[in-house]
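Heads up: the protein sequence lines correspond to chains A and B, in order.
Numbering-wise, the first sequence is residues 67 to 180 according to my numbering.
Numbering-wise, the second sequence is residues 3 to 121 according to my numbering.
Note that beta-carbon positions come from the ideal geometry of N, C-alpha and C, so glycine has one too.
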Amino acid sequence: DGGITQSPKYLFRKEGQNVTLSCEQNLNHDAMYWYRQDPGQGLRLIYYSQIVNDFQKGDIAEGYSVSREKKESFPLTVTSAQKNPTAFYLCASSEGLAEYNEQFFGPGTRLTVL
Amino acid sequence: AQKVTQAQTEISVVEKEDVTLDCVYETRDTTYYLFWYKQPPSGELVFLIRRNSFDEQNEISGRYSWNFQKSTSSFNFTITASQVVDSAVYFCALRSYNAGGTSYGKLTFGQGTILTVHP
Chain A
67 DGGITQSPKY LFRKEGQNVT LSCEQNLNHD AMYWYRQDPG QGLRLIYYSQ IVNDFQKGDI
127 AEGYSVSREK KESFPLTVTS AQKNPTAFYL CASSEGLAEY NEQFFGPGTR LTVL
Chain B
3 AQKVTQAQTE ISVVEKEDVT LDCVYETRDT TYYLFWYKQP PSGELVFLIR RNSFDEQNEI
63 SGRYSWNFQK STSSFNFTIT ASQVVDSAVY FCALRSYNAG GTSYGKLTFG QGTILTVHP
């Protein structure tokens, strides 16, 4: 079955630690995205990537980093510079960046900073 | 600037009632797409519908229907004869070309409406 997988489902981090969230897709999509969701709010874009070895900052990129070494993988690192990292993180992919391309989402990772 | 407003934070209905979720959007672009997503308790967003700015035809899919009106910048979603399984958070989203002067069509989400359907 084609889809997007994210791991882990739940993640706990101590303050000052970097953590990496995994996102893998087997939909053969070129574009991938990372969103952050806070309670009572819509999704906010952190980073996106149109193609391998290329990625761009979204609206709230500070304190985050990404890489895109393979088409199917787009890991997100939450660094210690992110002041309030506790949130629900969603990865998505689409065929391309065109406005008509719907985005397909993974099941999400819930990150809690202790 | 793009903006999507879902004024209804929470809606509670009893099973079999009809319910309409409101969505109002703002954009200066003439070419854009509107989307609805469903987020069940599991957390994954499920794509429901896409509508482009040049197609104002209403759409019906089973118990779901969508009413797109450019004159009022609205893209409302109606669930007929609601069921408990419809309980979820519903997001309206907007994506247009050249938003912000780049070639990337940014997807802008509303705040979401929490729908609870009671048996």
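Open item on the list: Please report the straight-line C-alpha distance between Ser-139(A) and Tyr-39(B), rounded to a whole angstrom.
Closed with: For this step, residue 139(A) is matched to residue 73 along the first sequence. For this step, residue 39(B) is matched to residue 37 along the second sequence. Answer to the nearest angstrom: the Cα atoms are 23 Å apart.
Open item on the list: Just list the residues that DSSP pairs Glu-90(A) with in beta bridges.
Closed with: Your numbering for residue 90(A) matches position 24 in the first sequence. Paired residues: Thr-71(A) and Ser-139(A).
Task: Span separating the alpha-carbon of Val-48(B) from that of Cys-157(A) - done: The residue given as residue 48(B) occupies position 46 in the second sequence. The residue given as residue 157(A) occupies position 91 in the first sequence. Cα-Cα distance, rounded: 13 Å.
Task: Three-state secondary structure (DSSP) of Ser-146(A) - done: Here residue 146(A) refers to the residue found at position 80 of the first sequence. Reduced to three states, the DSSP call for Ser-146(A) is coil.
TODO: Could you check the C-alpha separation between Thr-145(A) and Glu-19(B) for me, to the nearest Å?
DONE: For this step, residue 145(A) is matched to residue 79 along the first sequence. For this step, residue 19(B) is matched to residue 17 along the second sequence. Whole-angstrom Cα-Cα distance: 46 Å.
TODO: Write down the C-beta distance between Ala-90(B) and Gln-10(B) rounded to the nearest angstrom, noting that I regard them as a contact closer than 8 Å.
DONE: Here residue 90(B) corresponds to residue number 88 of the second sequence, with the count starting at 1. Here residue 10(B) corresponds to residue number 8 of the second sequence, with the count starting at 1. About 14 Å separates the Cβ atoms of Ala-90(B) and Gln-10(B), ruling out a contact at the 8 Å cut-off.
Open item on the list: Rounded to the nearest angstrom, what separates Phe-79(B) and Lys-72(B) at their Cα positions?
Closed with: To locate residue 79(B), count along the second sequence from 1; it is residue 77. To locate residue 72(B), count along the second sequence from 1; it is residue 70. If you draw a straight line from the Cα of Phe-79(B) to the Cα of Lys-72(B), it is about 15 Å long.
TODO: Mind listing, in chain order, the continuous beta strand (DSSP E) runs of no fewer than 3 residues lying wholly within the segment 21 to 58 of chain B?
DONE: With a minimum length of 3 residues, the continuous beta strand (DSSP E) runs that stay inside the segment 21 to 58 of chain B are 21 to 23, 26 to 28, 34 to 41 and 48 to 54.
Task: Selected residue, minimal CA-CA separation from Phe-177(A), among Ala-127(A), Lys-80(A), Leu-93(A) and Ser-159(A) - done: Here residue 177(A) corresponds to residue number 111 of the first sequence, with the count starting at 1. Correcting the residue identity first, residue 177(A) is Leu in this sequence and not Phe. Leu-177(A) has its Cα closest to that of Lys-80(A), out of Ala-127(A), Lys-80(A), Leu-93(A) and Ser-159(A).
Open item on the list: If you reduce the DSSP assignment to three classes, tell me which class Lys-123(A) lands in.
Closed with: As a first step, residue 123(A) must be located in the first sequence, where it is residue number 57. In the three-state DSSP reduction, Lys-123(A) falls in the strand class (E or B).
Open item on the list: Considering only their Cβ atoms, is the gap separating Asp-96(A) from Arg-117(A) smaller than 8 Å?
Closed with: One-based indexing of the first sequence puts residue 117(A) at position 51. One-based indexing of the first sequence puts residue 96(A) at position 30. The sequence shown places Ile at residue 117(A), rather than the Arg named in the question. In contact: Ile-117(A) and Asp-96(A) (Cβ atoms closer than 8 Å).
Task: Boundaries of the beta strand (DSSP E) in which Asn-69(B) is found, first to last residue - done: In the second sequence, the residue the question calls residue 69(B) occupies position 67. Counting along the chain, the beta strand (DSSP E) containing Asn-69(B) begins and ends at 66 to 71.
Task: Within chain B, partners of Phe-171(A) - CB distance below 7 Å - done: Stepping through the first sequence from its first residue, residue 171(A) is reached at position 105. Result: Glu-46 and Leu-47.
- [ ] Would you mind reading off the limits of the beta strand (DSSP E) that contains His-120(B)?
- [x] Along the second sequence, one-based indexing puts residue 120(B) at 118. In this chain, the beta strand (DSSP E) harbouring His-120(B) covers 115 to 120.
- [ ] Below 8 Å on the Cβ atoms is my guess for Gly-108(A) versus Gln-113(B); work out the distance and round it to an integer in Å.
- [x] Stepping through the first sequence from its first residue, residue 108(A) is reached at position 42. Stepping through the second sequence from its first residue, residue 113(B) is reached at position 111. About 5 Å separates the CB atoms of Gly-108(A) and Gln-113(B); that is less than 8 Å, so the two are in contact.
TODO: Could you give the DSSP three-state label for Thr-74(B): helix, strand or coil?
DONE: For the purposes of this step, residue 74(B) is taken as the residue at position 72 of the second sequence. Note: Thr-74(B) maps to helix in three-state DSSP.
Task: Start and end residues, beta strand (DSSP E) containing Val-6(B) - done: Translated into the one-based positions of the second sequence, residue 6(B) becomes position 4. Looking at the DSSP string, the run of the beta strand (DSSP E) that includes Val-6(B) is 5 to 7.
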